Amino acid sequence: MYRWFLISALAAVAACGPIAPERAAQICEERAQRADGPFGNITLGTNSKSGAFASGEIGISTDYLRGTDPMTVYERCVVDLTGTGPIRPPSL
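For the sequence shown, UniProt numbering gives the first residue as 1, with consecutive numbering after it.
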């Protein structure tokens, strides 16, 4: 579900035209990190009503499945969002 939200958010942002280069770099760094391998998170907690709880999520991006280089993913993403090249290298 988070993945569809992210795709929808990127599509909505892309429809609005170019965005700030720094914001594009942040968005595209996350996408490039996901192209580097499987990703996920685990949530553990407790509350006074239902006691302990746990949840988890694992995902694999299509860029990872295709074997696309994360740097290529980053560069293409920035160009798609801003219309220009990256302003800085990604922090992977």
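Glycine residues also receive a C-beta, built at the ideal position from the N, C-alpha and C atoms.
These numbers come from a predicted model, not from an experiment.
| Query | Result |
| --- | --- |
| 3 or more residues per run - each beta strand (DSSP E) lying fully within the region 9-49 | 39-47 |
| G59, enclosing beta strand (DSSP E) - first and last residue | 51-59 |
| A35 vs P86 beta-carbon contact at 8 Å | no |
| Same chain only: Cβ atoms within 6 Å of F53, ignoring 5 sequence neighbours per side | G45 |
| DSSP-derived helix/strand/coil call for T72 | helix |
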